[in-house]
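Taking it in order: structure first as structure tokens, then the write-up.
In full-length UniProt numbering, the protein residues as written are 1 to 423.
Okay, here's the thing in structure tokens:
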């Protein structure tokens, strides 16, 4: 109500100002103003003549001054005549024009606001906006509610090698026999994710966290939140937020937890808090970190929403892929934990599984490229398998790919040293 009263008062004031300009002078008033203006210049001419008679000004100077005053007198007369003509319009016509202008101004102003503005929006101060954002956060759907709306898994991504599918099936069967094996659960989480079977990956991750209990690290909780968020299609549920909270309690600098916490704030009308977290991550780098790319694509819009004056700095190093888990179709290579879990299988199955994953990772890096961590992982695993010739070849290619990238190059080099193919 206050808004409409203020708006009406402003529009009325504008109408009155316009009306005053239109109606303020009658022909008599205009004539009076003409007489006043021209009388001033006539008086100046008379004063100039007296100065000339007294000898206080020379004839040449008096002529120049008289010419200038006469010019101003003629200009004033022309302006006065124009004003007189403007006031000669019939009073009825003038008032009609004023009424039409006022009506157009009022209806146009309110019409534009009704169409482009938010007439029913509540007047929200800072405290109310924060309270509304908090209410939105509290009312979010749970992880279970979100997953219930997600489409059922339709099978492995198109093009997934048959041997890989069989190996994952073998892992699932193995975990039916030993459901409490943390190494096997860790492996299952990764490969269910790779296969796009996200709810199964989240279930395995939850079970793994139950087994780890108090020994779970900040990275473990960040990974649990990562799997939940991916399963929920990028939405940060209350359960994922709780995992992020614990991750940050255990390690306040955890970059993955900070990135996803910023995402949670952005999804719940707190762009100010999200911007602070993401800006700090962007400034800390390194530029090749997997969370940098998604931050760079969104932070300018986030800054605008937060009312921050922000310019995205130029990228210093080669761009990398998004967060690893953001692409469920990508098949990651084996980690050290994967290899340990594979020890539970037969020698033949274990070797097939490891080499199958190594080959997939190698092919993907050769055709699509990858992060420094993925190149380092491939070199490390090849060294463990004793395939030093192939590890050396990958290291040679990596040197060309990451030359001049600082931390990224050092990461891959350390893996090559560990594999025995670099000094």
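Cβ coordinates follow ideal geometry from the N, Cα and C atoms, glycine included.
Cα-Cα separation between residue i and residue j, rounded to whole angstroms
i           : j           : result
residue 58  : residue 71  : 20 Å
residue 45  : residue 17  : 37 Å
residue 281 : residue 406 : 18 Å
residue 421 : residue 402 : 17 Å
residue 42  : residue 73  : 8 Å
residue 132 : residue 240 : 21 Å
residue 162 : residue 194 : 14 Å
residue 167 : residue 230 : 23 Å
residue 365 : residue 112 : 55 Å
residue 182 : residue 208 : 6 Å
residue 298 : residue 252 : 23 Å
residue 216 : residue 243 : 11 Å
residue 54  : residue 80  : 34 Å
residue 284 : residue 228 : 26 Å
residue 278 : residue 423 : 37 Å
residue 147 : residue 271 : 26 Å
residue 210 : residue 404 : 43 Å
residue 296 : residue 202 : 28 Å
residue 224 : residue 6   : 52 Å
residue 65  : residue 47  : 11 Å
residue 226 : residue 408 : 23 Å
residue 417 : residue 263 : 37 Å
residue 127 : residue 200 : 41 Å
residue 385 : residue 363 : 17 Å
residue 275 : residue 130 : 15 Å
residue 104 : residue 149 : 51 Å
Local Cβ density within 10 Å of residue i, reported as buried at 16 or more and exposed below that
i           : result
residue 425 : Here the chain covers residues 1 to 423 and nothing more, so residue 425 does not appear.
residue 314 : exposed
residue 145 : exposed
residue 78  : exposed
residue 374 : buried
residue 383 : buried
residue 425 : In the structure displayed, the chain extends from 1 to 423; residue 425 sits before or after that span and is not available.
residue 214 : exposed
residue 361 : buried
residue 358 : buried
residue 143 : buried
residue 197 : buried
residue 304 : exposed
residue 153 : exposed
residue 138 : exposed
residue 394 : buried
residue 96  : exposed
residue 261 : buried
residue 372 : buried
residue 9   : exposed
residue 49  : exposed
residue 136 : exposed
residue 82  : exposed
residue 339 : At residue 339, the pLDDT of 44 sits below 50, so the modelled position is not reliable; the number obtained from the coordinates is stated separately. Flag for residue 339 reads buried.
residue 99  : exposed
residue 307 : exposed
Sequence-distant residues of its chain with Cβ nearer than 7 Å to residue i (five each side left out)
i           : result
residue 367 : none
residue 204 : 185, 188, 189, 192
residue 391 : 379, 382, 383, 419, 421
residue 212 : 182, 220
residue 140 : 237, 238
Other residues of its chain near residue i: CB distance less than 6 Å, five sequence neighbours each side excluded
i           : result
residue 164 : 356
residue 496 : The chain is shown from 1 up to 423; residue 496 falls before or after that span and cannot be answered.
residue 300 : 312
residue 310 : 303
residue 11  : 106, 109
residue 286 : 407
Residues of its chain near residue i, where Cβ-Cβ distance is below 8 Å and the 5 sequence neighbours each way are ignored
i           : result
residue 172 : 188
residue 254 : 218, 219, 222, 247, 248
residue 169 : none
residue 291 : 255, 256, 259, 281, 323
residue 69  : 41, 44, 45, 48
residue 38  : 73, 76, 77, 80
residue 180 : 211
residue 250 : 217, 218, 221
residue 273 : 262, 265
The ligand MG heavy atom lying under 8 Å from the CB of residue i
i           : result
residue 246 : The model depicted lacks the ligand MG and carries no ligand whatsoever.
Count the C-beta pairs between the region 410-423 and the region 390-400 that are closer than 8 Å, then say yes if the count reaches three, no if not. yes
Taking 8 Å as the threshold, find out whether the region 176-190 comes into contact with the region 151-167 through three or more Cβ pairs. no
Can you list, in chain order, the stretches of the alpha helix (DSSP H) that have 4 or more residues and sit fully within the region 187-252? 198-212, 218-231, 238-250
Check whether the region 229-239 touches the region 249-268, counting contact only when three or more Cβ pairs, one atom from each stretch, lie closer than 8 Å. yes
In chain order, what are the residue ranges of uninterrupted alpha helix (DSSP H) at least 4 long that sit wholly in the UniProt region "Disordered" (142-161)? 143-149
Please give me, in chain order, every unbroken run of the alpha helix (DSSP H) with length at least 4 that falls completely inside the region 374-405. 388-401
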